[in-house]
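Novice: Take this structure, written in structure tokens, and hold onto it; I'll ask about it next.
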DNA sequence: TGTAAACTAGACCATTCAGTCTGTTTTAAG
DNA sequence: CTTAAAACAGACTGAATGGTCTAGTTTACA
């Protein structure tokens, strides 16, 4: 199936912003990457900002949901779904190469632009809520607050991915995740 | 004591880059912030890049060491020093407001510039090595690898700080750190 | 006090930036 | 076939970018 102009643009923007960040990516770079003239691009998006926000919605958000498959399964303890997802994710190389695209943009844009903050938090919240749902569907040892635990899980995964983005080896990342899994297992009743 | 021109520049750069990132901070902004004319500034630093790298060395690095006081204490289990430092750090508000300045710059610049990557990794490594030293000075339950545990600690703390930098409340951050402390305590023999 | 070096000062420069403008071509509907 | 809208195309614009240049001023020391 042939890719539409709009899709070509979004793919190029995702790729370049993932590597160079928002301010590090110029319109000229984007135009060159997707080989589409300026007039066409501005036909689809009214500004650079709107374009990148669209990438968050239509590229990064689905990607996050694809990576972190965290839906409630019949007859499976929620926390076991989380653990097995963590295992699976730790095997996927591409995620680690430049850190988490959402987190990267979050660091750069959220402190400086409320629209980005809002859009990025939507993705983050949906992820956290899925984890929360799974945790509430589990029997945990007493005194464990599911909400703060869901934050902890996300914080640790994101922290692992974002540590020294360029050279962080798969192995290093994996051994970090093992500690998280280790901790989660200790919370099962 | 009076502040030198060079110090004024570094302070302004630290502040602005912390908020806006590297590419989001222009020379014009820096000049305005510190009220120093261009010619003077370029007398001290030959380029924007050199200037920001100097900020990493002379502002961010000492700041990290000041925040994370992780030196070996006589007669104290290393892991207890880590735990009490985590407690202390979680009470310091300023760190959380815009995330960790080192991590922020890391996310933006490391994938794109080898000099930044190197300089930032120096700070990160010194922190990790301190933690490693403390862990090696502790009795941990069997099967725990101190090296990967030190990575895990940093990943979790950085992840906690960087999650939704703007609005992440102190409370939320604190409850995340509690899980880390909880885990660390479970590893004491 | 003479003088070289350190520092201050800001006008100026080429380049790049995001975004606009004015057309041309293609598509789809009647 | 006609026609209006959607899409393509790229030259052009004003503002902002990092950095240079040529001065003037202060400092430190001989």
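Protein chains in written order, with this note's numbering: chain A, 1 to 189; chain B, 1001 to 1189. Built from N, CA and C at the ideal position, the CB exists for glycine as well.
Which residues of chain A have a Cβ atom closer than 7 angstroms to the Cβ of residue 1155(B), listed in chain order?
Specialist: By Cβ distance, chain A contributes 156, 159, 160, 163 and 176.
Novice: Closer than 9 angstroms, CB to CB, is residue 111(A) near chain B or not?
Specialist: Interface residue, yes.
Novice: Can you confirm whether residue 115(A), when its beta carbon is compared against all beta carbons of chain B, has any partner nearer than 9 angstroms?
Specialist: Not an interface residue.
Novice: What residues are listed by DSSP as bridge partners for residue 1188(B)?
Specialist: Looking at the DSSP assignment, residue 1188(B) forms a beta bridge with 1140(B).
Novice: How long is the line joining the alpha carbons of residue 119(A) and residue 1077(B), rounded to whole angstroms?
Specialist: Between residue 119(A) and residue 1077(B), the C-alpha separation is close to 44 angstroms.
Novice: What whole-angstrom Cβ distance do residue 82(A) and residue 131(A) have, given they're in contact under 8 angstroms?
Specialist: Sure, about 6 angstroms apart at Cβ, within 8 angstroms.
Novice: Strictly below 9 angstroms CB to CB, what residues from chain A border residue 1042(B)?
Specialist: Those within 9 angstroms of residue 1042(B) in chain A number zero; the least Cβ separation is about 22 angstroms.
Novice: Residue 55(A): which of 136(A), 22(A), 189(A) and 134(A) sits nearest, CA to CA?
Specialist: Considering only alpha carbons, the answer is 22(A).
Novice: For the candidate residues 159(A), 11(A) and 30(A), whose alpha-carbon lies nearest to that of residue 48(A)?
Specialist: The residue with the shortest Cα to Cα distance from residue 48(A) is 30(A).
Novice: Given a threshold of 16 other Cβ atoms within 10 Å of its Cβ, counted over all protein chains shown, does residue 1072(B) qualify as buried or as exposed?
Specialist: Classification for residue 1072(B): exposed.
Novice: Grouping DSSP H, G and I as helix and E and B as strand, with all else coil, what is residue 1004(B)?
Specialist: If DSSP states are grouped into helix, strand and coil, residue 1004(B) belongs with coil.
Novice: Note down, in chain order, each residue of its chain lying with its Cβ closer than 7 angstroms to the Cβ of residue 110(A), except the 5 sequence neighbours on either side.
Specialist: Closer than 7 angstroms at Cβ, skipping near neighbours: 116, 117 and 120.
Novice: Residues in the same chain with beta-carbon distance under 7 angstroms from residue 138(A), minus the five sequence neighbours each way, listed in chain order, please.
Specialist: So the list reads 77, 78 and 79, once near-sequence residues are dropped.
Novice: Taking DSSP as the reference, what is the three-state secondary structure of residue 124(A)?
Specialist: Three-state DSSP puts residue 124(A) in a helix.
Novice: CA-CA distance, residue 1161(B) and residue 125(A)?
Specialist: About 16 angstroms.
Novice: Out of 65(A), 19(A) and 52(A), which one is the CA nearest neighbour of residue 1112(B)?
Specialist: For the residues 65(A), 19(A) and 52(A), the minimum Cα distance to residue 1112(B) belongs to 19(A).
Novice: Exposed or buried, which one is residue 141(A) when buried takes at least 16 other CB atoms within 10 Å?
Specialist: It counts as exposed.
Novice: Under three-state DSSP, which class holds residue 68(A)?
Specialist: DSSP places residue 68(A) in coil when its eight states are reduced to three.
Novice: Alpha carbon to alpha carbon, what distance is there between residue 1032(B) and residue 58(A)?
Specialist: Roughly 38 angstroms between the two C-alpha positions.
Novice: How would you label residue 1037(B), buried or exposed, when you count the other beta carbons within 10 angstroms and need 16 or more for buried?
Specialist: Exposed, since its Cβ has fewer than 16 Cβ neighbours within 10 Å.
Novice: Under the three-state reduction of DSSP, which class applies to residue 62(A): helix, strand or coil?
Specialist: Of the three classes helix, strand and coil, the one that applies to residue 62(A) here is helix, per DSSP.
Novice: Since residue 156(A) and residue 1099(B) should fall inside the 8 angstroms C-beta cutoff, what is the C-beta to C-beta distance between them, to a whole number of angstroms?
Specialist: With a Cβ gap of about 16 angstroms, residue 156(A) and residue 1099(B) do not count as contacting.
Novice: Would you give the residue range spanned by the alpha helix (DSSP H) that residue 1078(B) belongs to?
Specialist: First-last of the alpha helix (DSSP H) with residue 1078(B): 1078 to 1090.
Novice: Residues in its own chain within less than 8 angstroms of residue 27(A) by CB, not counting five upstream and five downstream?
Specialist: Cβ within range, chain order: 38, 41 and 48.
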